[in-house]
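Worksheet: one structure, shown below.
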Amino acid sequence: MKNEFSKMDAGSLHLANKRVLLKLISQRGQISRSELSQATKLTPPSVTRIVDELVYKDKLAEYIGTGSSNGGRPPMIVKYKNKNNYIIGVDLGATYIRGGLVDLNAKFISEIQIPTEIEKGFSNIIEKVINIIQRLQSRKEDNSKIWGIGIGVAGLVDRKTGIIEESPDFGWSNINLRKELEDKLDVPVFYDNSTRLMALGELKLGDKKNLKNFAVLNIGYGIASGLVIEGKLVKGHTGFAGEFGHISVDTESSVRCKCGMYGCLEALASGHRIASLGKLELANNNSEILSELCNGNPNLISAEIVAKAAKMGDESCLKIYNDVIEYLCKGIGIIANLLNPEIVYLGGGISLNGDFLFDLVQSKISKYLLPANANTPILPSTFGEHATTIGAVSLVLEKIINLELSVKQDAEKILTSN
Ligand SMILES: [Zn+2]
Numbered sequence: 005m006k007n008e009f010s011k012m013d014a015g016s017l018h019l020a021n022k023r024v025l026l027k028l029i030s031q032r033g034q035i036s037r038s039e040l041s042q043a044t045k046l047t048p049p050s051v052t053r054i055v056d057e058l059v060y061k062d063k064l065a066e067y068i069g070t071g072s073s074n075g076g077r078p079p080m081i082v083k084y085k086n087k088n089n090y091i092i093g094v095d096l097g098a099t100y101i102r103g104g105l106v107d108l109n110a111k112f113i114s115e116i117q118i119p120t121e122i123e124k125g126f127s128n129i130i131e132k133v134i135n136i137i138q139r140l141q142s143r144k145e146d147n148s149k150i151w152g153i154g155i156g157v158a159g160l161v162d163r164k165t166g167i168i169e170e171s172p173d174f175g176w177s178n179i180n181l182r183k184e185l186e187d188k189l190d191v192p193v194f195y196d197n198s199t200r201l202m203a204l205g206e207l208k209l210g211d212k213k214n215l216k217n218f219a220v221l222n223i224g225y226g227i228a229s230g231l232v233i234e235g236k237l238v239k240g241h242t243g244f245a246g247e248f249g250h251i252s253v254d255t256e257s258s259v260r261c262k263c264g265m266y267g268c269l270e271a272l273a274s275g276h277r278i279a280s281l282g283k284l285e286l287a288n289n290n291s292e293i294l295s296e297l298c299n300g301n302p303n304l305i306s307a308e309i310v311a312k313a314a315k316m317g318d319e320s321c322l323k324i325y326n327d328v329i330e331y332l333c334k335g336i337g338i339i340a341n342l343l344n345p346e347i348v349y350l351g352g353g354i355s356l357n358g359d360f361l362f363d364l365v366q367s368k369i370s371k372y373l374l375p376a377n378a379n380t381p382i383l384p385s386t387f388g389e390h391a392t393t394i395g396a397v398s399l400v401l402e403k404i405i406n407l408e409l410s411v412k413q414d415a416e417k418i419l420t421s422n
């Protein structure tokens with residue numbers, strides 16, 4: 005028994021050391037073996053053994069020759085191998101499905117975007133997701149590897165079971181997306197709520213690294229938030245934290261939300277709401293500009309077109325945005341006063357309206373903020389329309405750096421060879 009335990013401990017210690025070294029290599033981009041040894045206090049032979057494994061077995065690092073010497077043996081330089089190692093990130097949104105083939109530095113190699121067409125139903129959406137992934141898979145070099153597929157999906161995802169318990173946007177309940185996809189794709193699939201992934205992407209790969217407290221508000225077809233507190237992504241007791249769209253911002257409202265309550269922020273300020281209000285203006289003949297932009301076809305009216313009309317000076321569309329942003333600011337005020345964040349990021353389709361939107365927010369936000377939070381910056385998310393895709397990528401990236409996927413593959417190899 006004693007031997008078994010000491011063997012297991014040595015194995016876990018080796019894995020822990022390997023994780024530390026891989027993390028350092030990935031953070032620095034390239035580093036010498038002797039620097040790795042100094043930084044980790046591991047002996048040079050241990051570093052060599054582990055780095056050799058990362059280079060020849062895991063293929064997550066590569067030797068790129070020797071550096072300059074200070075008299076002794078020239079140091080061997082090891083580089084993080086982002087080439088030939090890829091991740092596919094998918095943003096499964098209610099309006100568009102976006103997929104990206106990215107390297108391990110989260111740099112896009114190729115991307116595809118197609119309309120979701122929710123009305124065509126579940127199987128059609130799954131087929132589209134598979135099609136996008138397969139097309140992206142075919143765009144990698146022959147000798148390269150796709151480590152995993154990350155997917156961001158609008159809805160309540162149980163992180164433990166992987167079941168999408170409820171997705172009001174898609175009208176889904178109890179969906180096991182992993183089962184639907186892994187059988188057909190032969191690559192590990194991971195997913196989470198799209199807004200939480202936006203926050204994860206911002207935390208791991210965003211412009212301002214090392215932020216400990218921030219919120220990402222996803223203002224798109226629906227509204228949700230991803231919250232980071234003390235450097236950790238907030239998941240909540242059962243994983244459903246961040247349902248910012250369902251705080252009530254108008255208790256007198258007669259607008260019923262998809263969740264069944266009245267006056268929810270999502271019911272009053274989402275992209276879906278903006279489009280509905282635009283359609284109403286068109287039906288009441290209140291907007292010539294809107295009518296021209298959509299050729300009189302209400303089905304072509306989106307939040308984007310309403311914003312375009314507002315920017316062109318259309319009074320009725322400007323009023324829609326004024327009202328909607330007032331509600332949104334009320335919501336931002338609640339989040340900012342509750343969390344005292346360093347930054348509130350706005351992501352999602354509505355946030356892509358640039359100065360038009362951020363100027364409106366700035367003109368209204370101050371009355372909802374305590375003096376202590378009055379200077380909270382409200383900024384567009386780092387990755388704009390790619391925020392969910394990059395978040396989905398960072399979900400897989402975390403698993404690669406933690407060597408969870410290498411360990412999983414080793415275990416599978418042992419199982420199949422038995
Ligand atoms: Zn609601």
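For the sequence shown, our numbering gives the first residue as 5, with consecutive numbering after it. Even glycine gets a Cβ: it sits at the ideal position worked out from N, Cα and C.
- For His276, the CB stays at least 7 Å from every heavy atom of ligand 1.
- The three-state secondary structure of Ile354, taken from DSSP, is helix.
- Three or more beta-carbon pairs separated by less than 8 Å are not found between the segment 306–323 and the segment 200–215, which leaves the two stretches without contact.
- Here the alpha carbons of Val328 and Gly71 stand approximately 58 Å from one another.
- Inclusion of Gly154 and Thr120 in the CB contact set at 8 Å is not warranted, their separation being larger than that value.
- In this structure, Ala228 has its CB at a distance of at least 7 Å from all heavy atoms of ligand 1.
- In the three-state scheme derived from DSSP, where H, G and I count as helix and E and B as strand, Val259 is classed as coil.
- Apart from sequence neighbours up to five positions away, the residues of its chain that approach Leu160 with a beta-carbon distance below 6 Å are Glu169, Glu170, Phe244, ordered along the chain.
- The DSSP-derived three-state label of Cys321 is helix.
- Here Glu247 is buried. Its C-beta has 16 or more other C-beta atoms within 10 Å.
- Contact between Ile336 and Ile278 is ruled out by a C-beta separation of about 17 Å, above the 8 Å threshold.
- At a cut-off of 7 Å, the beta-carbon of Gly249 counts as near ligand 1: some heavy atom of the ligand is closer than that.
- Fully enclosed beta strand (DSSP E) runs of no fewer than 3 residues occupy 168–171, 176–179, 193–197 of the segment 155–220, in order along the chain.
- With respect to Cys268, Ser252 sits close: the two C-beta atoms are nearer than 8 Å.
- Below 8 Å, enough C-beta pairs join the segment 349–360 and the segment 291–311 to call them touching: three or more.
- Ala65 sits away from Met202, with the two beta carbons spaced by 8 Å or more.
- Remark: the C-beta of Ala271 is in contact range of ligand 1, defined as less than 7 Å to any heavy atom.
- Between the alpha carbons of Gly395 and Glu346 lies a gap of roughly 20 Å.
- By the Cβ criterion, the segment 112–131 is not in contact with the segment 45–54, since fewer than three pairs of Cβ atoms, one from each stretch, lie closer than 8 Å.
- Put simply, the backbone Cα of Thr47 is about 9 Å away from that of Ser38.
- Here Cys268 is bridged, per DSSP, to Ser252.
- Apart from sequence neighbours up to five positions away, the residues of its chain that approach Ser258 with a beta-carbon distance below 7 Å are Tyr266, ordered along the chain.
- Excluding sequence positions up to five before and after Met80, its CB lies within less than 7 Å of the CB of Ser36, Arg37, Tyr67, Thr70, all in the same chain and listed in chain order.
- Here DSSP, grouped into helix, strand and coil, assigns Leu286 to helix.
- Inclusion of Gly166 and Thr199 in the CB contact set at 8 Å is not warranted, their separation being larger than that value.
- Not a single heavy atom of ligand 1 lies less than 7 Å from the C-beta of Met316.
- A straight line joining the alpha-carbon of Asp363 with that of Ser370 spans about 12 Å.
- Judged by DSSP in its simplified three-state form, Ile305 adopts coil rather than helix or strand.
- Contact between Gly353 and Gly224 is confirmed by a C-beta separation of about 4 Å, below the 8 Å threshold.
- Residue pairing by DSSP places Thr70 opposite Met80 in a beta bridge.
- If you draw a straight line from the Cα of Leu17 to the Cα of Lys63, it comes to about 20 Å.
- Nearest to Lys144 by alpha-carbon distance, out of Leu105, Asn128, Asn303, is Leu105.
- Going by DSSP, Ile394 is part of the alpha helix (DSSP H) stretching over 391–405.
- Each residue's CA atom was taken as its position, placing Ile29 and Arg77 some 21 Å apart.
- In terms of Cα proximity to Gly33, the closest of Leu25, Thr99, Tyr84 is Tyr84.
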